[in-house]
Each structure stands twice: as structure tokens, then as C-alpha cells.
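Residues 3 to 563 in my numbering are what the sequence shown lists, from first letter to last.
This report refers to the structure that appears directly beneath it.
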Amino acid sequence: MVTALKALKRNQYGKDFISHTMQSIFNELQPDHYYIAYFNKSCTKATSLAYYIDGIITDNAISDLLEDVPCLKVLESGAIYLIEAHGYSDYPKDKLMVEHQFESYLGIPVISPHDDVIGIVVCLFLHPFVLSQEQIDWSEEMGHLLGSELQYLALLSEQKLLLGEMEASQRVAKLGNWQWDVLTNTYTWSKEACRIYELENCLHPDLKFVHCSIHPEDRERVITFMNNIITSEHTGYNIIYRLLLPSGKIKYVRKESVLIKDDNGKTTLIRGIIQDISEFYHISTELSKTSDKLHITYNAVAEGVWEYHFNTREKVTSPKVWDILKIEERVIHSLYELMRLIHKDERKVVLDAIRKLRNNDSQSLCFDFRLNPKYVTNISYIEHWFQCQGSVVAVNAFGDTEKVAGVLTDITDSVSTVQQLNLAKTVFDNTSECIVITDSNNHIVTVNQSLEAVTVYSGEEAISKDPRILASGFHDKAFYEEMWDCVEHSGQWKGQLYNRRKNGNVYPEEMTINKVEDDNHEVVNYVGVFHDISVRQQTEKELLFYANNDALTTNEPSLFY
């Protein structure tokens, strides 16, 4: 048997030798499944070159990690390893053995001419198997004879795999490689380069075809550039242009090359890559358009847009930020310089807000501030208030804040409005006149403190009620109809009437009612302003009485309390 293998070795090589050897294995050992595999350089994986079932080659392929499998025993010992029975139960992590319930396993090491274990022949049996001494000798000799052939075929397989991976990568990247022998004027292209030019067969591309494929509007520029490069001292180039293909399709391509020159400096060979960048070009164009639109938007909106990178200390702002602050951007180079511009009364609030973001105690900030008067050069400058809002937009792998972004707004008008409202509220609450404001349906929306004191109704009791809760009953329906008719037609009514306090006491008052309308002349509110004149009336009555009667004999009680 060994002699036959040696004779076979002398007459056949490579795949033929492997094929006949595998047939010999079947004839000698009768395995149900068997394959030959090589180990990778790190000896962590076995990859099959040929897989047979019942002596017939199949498309099955093996690529297993050498972990808790019997092949690892062969690799570590460099000797034949046999499991006579119960193999699938002894190695439950060996998927192939478990899947087919193989009873026996025979692993034969393939030894290189340098006595290294470079591969393995695996024979699997569905029934218990015993190996004779003669079969052991034959298997060992076969493992040595296979060594040189397996090493060669493994190298070819790795190269084929790498070539396949390279072609797959080129296809994904839409990048092909090419070579131009300037002396013989011959081109060699990869498959992906052919695909870029939409050629099914590109065994013999030539310079004429390359030139004709250049878009007419780019052709003269590209050809002139190429001719100048070839005769120059440059050793490489990078150029972008368009292709106009026979189908009418236009592609943008990037060509990058290395020039090889002889001792006289003459270009003899050019190697390079060509990449279809149409998609990137269109995306870049769209991004450029979007960027232009965004820039216009930045300058059109009332707010200034900003962002700050804590790690790089880089700030990015829209021009609107500096328009709002009325400060030149070039005078601010750091966060520290920006802090100096903030009014001392608000500086601590700003620093606390930034510190919370930096320490991950908060995910957003919002503060109002003024500028430090010392750094305002505009003589006619009026004190402005600004509001800064922002939130965390990027964190690192540890969850720490890296970038924050937000908007800046001039809120001077809002602050002024609030201040005026506060002033008006102070006047409203502290005036001696009683004030009641109703909505368009004449329901009370607010009253001041003077009204609460006079009527004894609290604000909570009066709000949402109709002012008729104050009616005394002294006036008939005609009185009120005349009063409201005057309000609706002239916008105002003035006069005296009697109202009732919460405790039931009736008192006289002087009242002014005004109608408030919006720009469309729709009623928004009614405002009533009055004051209690019971004391004045009592005083007038007493003066009149004393003027006409003897004060010692007459005592006229008051009607009002």
C-alpha cells in the first residue's frame, strides 16, 4: 500500500495527487465521511480542501475552530488519534460528529517536509472502527506524502480566498485596480475596474477606449494632465473627472496612480486605482446645498446657534450670535474670555450651569445674563438681557459630556415687558381704588386688594363669578340696561350706585366702567374702577344736618354701615 502511494506521488501532483489519495483512503479504510484540511498559521482553525462522502467528493466545506474537538489532539501530539466508539458523546462540542452521530473518529496528521503538523485527514465512521498496525503504518506514510502537496494547495487556497475577499472589498468600495505598460501600451484591469466601465469582457482594454470614455467636457483637461504627468518628474497623481459610458450613463471617478520610471526618468509603467465616487459626489453636492441652506437659516432666525466641545475647547457659532451680542467674534478665543464678558451679577449662575453639565449633574442649561459694562465699547449701548439655552448632544464611552449645543436669544424686550407688568401689578395691588376686571362674557378674572377690603370678598371667591354678586337690589332692571347700553355704545359709563358687601351691608360707590377691545374691535375685557363713598356721604349728610338743626337736640342715624 505504501509503495503504491509513493508511485502515485512520483507521477501526480497537486489536486490530482490529493484526489487519488482520497480515493485510496476510501479503498483502504471505508470511512462514511472524510476530508482533508489545513491549519491556519496560528493553528486555531482547520479549513477543508476536499470533503468526501462514501468515496464521492461533495460541496461540503469545513472551517472549524480548534477548541474542544478531537482534531486538536492530532495537532498537539503530531500523531494519529483514534476514537473507536462513542465519539459524538465524548466530544459534544464537535458539531459535525454530533449532527451525524459518528461513532468513530480517525485523525491522521499531515506532516510538512520540515516535520511540522500543517494539516489533517479526518475519517468518520457511523459504526465502531478498529485500526490495524498495517493501516497505522499506511496512514502515517500517507500523512508525510501529503505534506508538500497540502502546503502548496493551502497556499493557493489562501491566495484564492484573499483574492476573493479583495474583489468583494473592491466591489463594495466601487474601487478597481489597473496597470498600464507605457512601453507596450497595454492595459490590465481588475474585475471591479471593468464593472466601473460597464464592460463584461475587458481582457484587452486600450488607451483609445480609456480616452473615449472620458466625458467630452473633461476629455481635453484630463488627457493634457496625463500627458504632462508622464513626462514630468512627478511619481504619482490624483485626479477626479467624469466618464460618459456607451449606455449614456455619467459617472464621477477618482483615479490615483503611481508612476514607475527607468534610470533615465522615463515613465515605463503606471499602476493605480479607479474609484466610482458618483454616490459620494452627489451626497457631497447635496450636503453642500444643505449647508448653504443651513447657513441662510442660521442668519435668518432670531436666535444664534452655538456649540462647545469640552475636550477640545472648540466653539462653533453662527454669525447671528455675535450680531446679537454686538461683539466681534475675533476678540473671544476661550470660554474664560467669554465669562469675563458676562455681568458680575450673573457670572456665578452661568459658571454653576456649565459646571453641572461638565460634571454630568445636568443634561441641559438655561440662564439669563447681561454683558459686563466694562467691555461694551458702544457709547449708545442700552443694557440688554440675553438668554442662553443648551443641552448635551454628545458623550464619550464613559458617559461624560463631550459636546453641548444650544441657542442664544436677545430677551431685552421680554424682560422689559415683564418689568412693566410687575410695575403695573404693583400699582394694581396697591392703589386705593377698587378694581375689578371681567372677560368678554362679564365673568370676573381678577380683582385687587382694595376691592377685597371693601367688599369683603377674597380674590378666590370673586374670580369666575358675575359682578352681580355685589348687587344691592336697590336698582331696577332698567337702570342696569341703561348702564350697559352706555358702555357698549360709548365705551364707558360713570355714575353712582349702591352695592352690597359680603356681610350684607349696602354701601354707595362711584363707579367707572370701561370697555376694552382688540384690534378687530372685539370685546376683550371690561374694567370697573370704583371707590366707597359711604363715609363721604355720611359726612355730607351730617354737615347738612348741623347747618339746619341744633346738634344738641337732634341725632340722625346713618343708613349705611
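The beta-carbon is built from N, C-alpha and C at its ideal position, and this holds for glycine as well.
Note that the coordinates shown come from a computational prediction; the quantities given were computed from them, not determined experimentally.
The DSSP assignment places complete beta strand (DSSP E) segments of no fewer than 3 residues inside the region 63-106 at 65-67 and 83-85, in order along the chain. Here Leu128 is exposed: its Cβ has fewer than 16 other Cβ atoms, across all protein chains shown, within 10 Å. Boundaries of the alpha helix (DSSP H) around Arg342: Leu337 to Leu343. Close CB contacts of Cys488 within its chain, under the 7 Å cut and outside five residues either way in sequence, are with Trp495 (chain order).
For the options Pro248, Ile272, His217 and Leu177, the alpha carbon positioned closest to that of Thr186 is the one of Ile272. Phe371 is classed as buried because its beta carbon has at least 16 other beta carbons within 10 Å across all chains shown.
In summary, Gly145 is buried, with 16 or more beta-carbon neighbours lying within 10 Å of its beta-carbon over all protein chains present. In this structure Tyr338 is exposed. Its beta-carbon is surrounded by fewer than 16 other beta-carbon atoms within 10 angstroms. For Asn516, the three-state secondary structure derived from DSSP is strand. Spatial neighbours of Ala355 in its own chain (CB-CB distance under 8 Å, excluding positions within 5 residues in sequence) are listed in chain order as Ser364, Leu367, Cys368 and Phe369. If you ignore the 5 residues before and after Tyr90, its C-beta comes within less than 6 Å of the C-beta of Met99, Val100, Gln103 and Phe104, all in its own chain and listed in chain order.
Distance from the CA of Gly274 to the CA of Ile326, rounded to the nearest whole angstrom, comes to 52 Å. DSSP places Val489 inside the alpha helix (DSSP H), whose first and last residues are Lys479 to Ser492.
By the C-beta density criterion, Leu152 is buried, having at least 16 other C-beta atoms within 10 angstroms. Annotation: the continuous alpha helix (DSSP H) that includes Trp324 extends over Pro321 to Leu327. Within the model, the alpha-carbon separation for Val417 versus Trp387 is close to 7 Å. Around the beta carbon of Thr403, 16 or more other beta carbons lie within 10 angstroms, which makes this residue buried. Rounded to whole angstroms, the Cβ separation of Lys405 and Ala396 is 4 Å, and the two are in contact under 8 Å. Looking at the DSSP output, His213 bridges to nothing. Burial is judged here by how many other beta carbons sit within 10 angstroms of a residue's own beta carbon; Glu330 has fewer than 16 and is exposed. Within the region 172-197, the runs of beta strand (DSSP E) that reach at least 3 residues and sit entirely inside it are, in chain order, 177-183 and 188-191. As DSSP reads the structure, Ala355 sits in no beta bridge. If you draw a straight line from the Cα of Lys210 to the Cα of Lys17, it is about 42 Å long. Restricted to the region 356-422, the beta strand (DSSP E) segments that are unbroken, complete and at least 3 residues in length are 366-371, 388-397 and 403-412, listed in chain order. A residue is called buried when at least 16 other Cβ atoms come within 10 angstroms of its Cβ; Asn550 does not meet this threshold and is exposed.
Only buried fits Cys125, as 16 or more other CB atoms lie within 10 angstroms of its CB.
Assigned with DSSP and collapsed to three states, Asp441 falls in strand.
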